[in-house]
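Residues 434 to 532, numbered by my numbering, are exactly what the sequence shown covers, in order.
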Amino acid sequence: MKRSFDNIIDSEIPVLVDFFADWCGPCKMLAPILKQVKDELGETVKIIKIDVDKNQSIARRYQVRGVPTMLLFKDGKQVWRQSGVLQKNDIINIITSFD
434 MKRSFDNIID SEIPVLVDFF ADWCGPCKML APILKQVKDE LGETVKIIKI
484 DVDKNQSIAR RYQVRGVPTM LLFKDGKQVW RQSGVLQKND IINIITSFD
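Next up, the structure:
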(Lines of atoms letter the chains of each structure in order from A; the text may use other names.)
(Lines give C-alpha, C1' and ligand atoms only; values in the text may rest on other atoms or scores of the structure.)
Protein backbone atom coordinates (compact mmCIF):
# COMPACT_ATOMS: atom_id res chain seq x y z
CA MET A 434 0.00 0.00 0.00
CA LYS A 435 2.81 2.43 0.89
CA ARG A 436 4.29 2.35 -2.61
CA SER A 437 1.02 3.06 -4.36
CA PHE A 438 0.17 5.77 -1.79
CA ASP A 439 3.45 7.54 -2.60
CA ASN A 440 2.64 7.27 -6.30
CA ILE A 441 -0.81 8.76 -5.76
CA ILE A 442 0.35 11.79 -3.75
CA ASP A 443 3.27 12.51 -6.11
CA SER A 444 0.95 14.42 -8.42
CA GLU A 445 0.92 17.83 -10.04
CA ILE A 446 -2.74 18.23 -9.23
CA PRO A 447 -3.60 18.55 -5.53
CA VAL A 448 -4.42 15.30 -3.73
CA LEU A 449 -6.72 15.53 -0.72
CA VAL A 450 -6.36 12.55 1.59
CA ASP A 451 -9.21 11.89 4.02
CA PHE A 452 -8.08 9.73 6.94
CA PHE A 453 -11.25 8.18 8.35
CA ALA A 454 -12.66 5.26 10.33
CA ASP A 455 -15.90 3.34 9.90
CA TRP A 456 -16.87 3.94 13.54
CA CYS A 457 -16.32 7.72 13.33
CA GLY A 458 -19.50 9.84 13.31
CA PRO A 459 -17.89 13.07 12.00
CA CYS A 460 -16.24 11.02 9.21
CA LYS A 461 -19.71 10.02 8.01
CA MET A 462 -20.68 13.72 7.94
CA LEU A 463 -17.55 14.61 5.95
CA ALA A 464 -18.02 11.96 3.22
CA PRO A 465 -20.91 13.69 1.35
CA ILE A 466 -19.13 17.07 1.69
CA LEU A 467 -16.04 15.62 -0.02
CA LYS A 468 -18.25 14.20 -2.76
CA GLN A 469 -19.64 17.70 -3.37
CA VAL A 470 -16.08 19.09 -3.47
CA LYS A 471 -15.09 16.47 -6.06
CA ASP A 472 -18.26 17.13 -8.09
CA GLU A 473 -17.46 20.84 -8.15
CA LEU A 474 -13.69 20.67 -8.77
CA GLY A 475 -13.72 17.60 -11.04
CA GLU A 476 -10.36 16.66 -12.53
CA THR A 477 -8.51 19.53 -10.81
CA VAL A 478 -8.24 17.49 -7.59
CA LYS A 479 -7.85 13.88 -6.50
CA ILE A 480 -9.61 12.85 -3.32
CA ILE A 481 -8.69 9.57 -1.68
CA LYS A 482 -9.92 8.01 1.53
CA ILE A 483 -7.63 6.09 3.86
CA ASP A 484 -9.18 3.87 6.53
CA VAL A 485 -6.89 4.32 9.54
CA ASP A 486 -7.80 0.90 10.95
CA LYS A 487 -6.78 -0.88 7.73
CA ASN A 488 -3.77 1.37 6.95
CA GLN A 489 -2.17 1.97 10.32
CA SER A 490 1.34 2.39 8.91
CA ILE A 491 0.29 5.33 6.70
CA ALA A 492 -1.70 6.86 9.57
CA ARG A 493 1.39 6.54 11.82
CA ARG A 494 3.67 7.98 9.15
CA TYR A 495 1.58 11.17 9.06
CA GLN A 496 0.90 11.11 12.82
CA VAL A 497 -2.85 10.96 12.35
CA ARG A 498 -4.15 10.78 15.92
CA GLY A 499 -7.81 11.61 15.37
CA VAL A 500 -10.30 11.20 12.56
CA PRO A 501 -11.34 12.72 10.32
CA THR A 502 -8.00 14.28 9.40
CA MET A 503 -7.48 15.72 5.93
CA LEU A 504 -4.06 16.21 4.37
CA LEU A 505 -3.46 18.01 1.10
CA PHE A 506 -0.48 17.04 -1.04
CA LYS A 507 0.98 18.78 -4.05
CA ASP A 508 3.90 17.20 -5.94
CA GLY A 509 4.29 14.66 -3.13
CA LYS A 510 4.66 17.30 -0.42
CA GLN A 511 2.16 17.90 2.36
CA VAL A 512 0.98 21.51 2.02
CA TRP A 513 -1.99 21.57 4.40
CA ARG A 514 -3.53 19.59 7.25
CA GLN A 515 -6.74 19.87 9.23
CA SER A 516 -8.60 17.66 11.66
CA GLY A 517 -12.36 17.70 11.94
CA VAL A 518 -15.18 18.46 9.54
CA LEU A 519 -14.98 21.51 7.28
CA GLN A 520 -17.68 22.88 5.03
CA LYS A 521 -17.53 22.41 1.26
CA ASN A 522 -16.59 26.01 0.42
CA ASP A 523 -13.78 26.05 3.00
CA ILE A 524 -12.27 22.87 1.53
CA ILE A 525 -12.62 24.19 -2.03
CA ASN A 526 -10.92 27.49 -1.08
CA ILE A 527 -8.00 25.62 0.50
CA ILE A 528 -7.55 23.28 -2.48
CA THR A 529 -7.75 26.06 -5.07
CA SER A 530 -5.26 28.20 -3.13
CA PHE A 531 -2.56 25.65 -4.04
CA ASP A 532 -3.26 25.55 -7.79
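Beta carbons: idealized from backbone N, C-alpha and C, even for Gly.
Sub-8 Å separation of residue i and residue j beta-carbons
i: Thr502; j: Phe452; result: yes
i: Lys487; j: Ile441; result: no
Distance cut-off 7 Å: residue i Cβ against heavy atoms of the ligand GDP
i: Ile525; result: Of ligands this structure carries none, so the ligand GDP is not represented either.
Whole-angstrom distance between residue j and residue i, CA atom to CA atom
i: Asp508; j: Ser444; result: 5 Å
i: Lys471; j: Met462; result: 15 Å
i: Gln520; j: Arg436; result: 31 Å
i: Lys468; j: Phe506; result: 18 Å
i: Phe438; j: Cys457; result: 22 Å
i: Gly499; j: Phe531; result: 25 Å
Same chain, Cβ closer than 6 Å to residue i, neighbours up to 5 away in sequence not counted
i: Gln515; result: Met503
i: Gln489; result: none
Whole-number beta carbon distance between residue j and residue i, since they are thought to touch under 8 Å
i: Glu473; j: Ile525; result: 6 Å
i: Val518; j: Pro459; result: 5 Å
With 16 other Cβ atoms within 10 Å as the buried cut-off, status of residue i
i: Pro465; result: exposed
Proximal residues to residue i (C-beta, below 7 Å), its chain only, five neighbours per side dropped
i: Val550; result: With the chain covering 434 to 532 only, the question about residue 550 has no answer from this structure.
i: Lys482; result: Asp451 and Phe453
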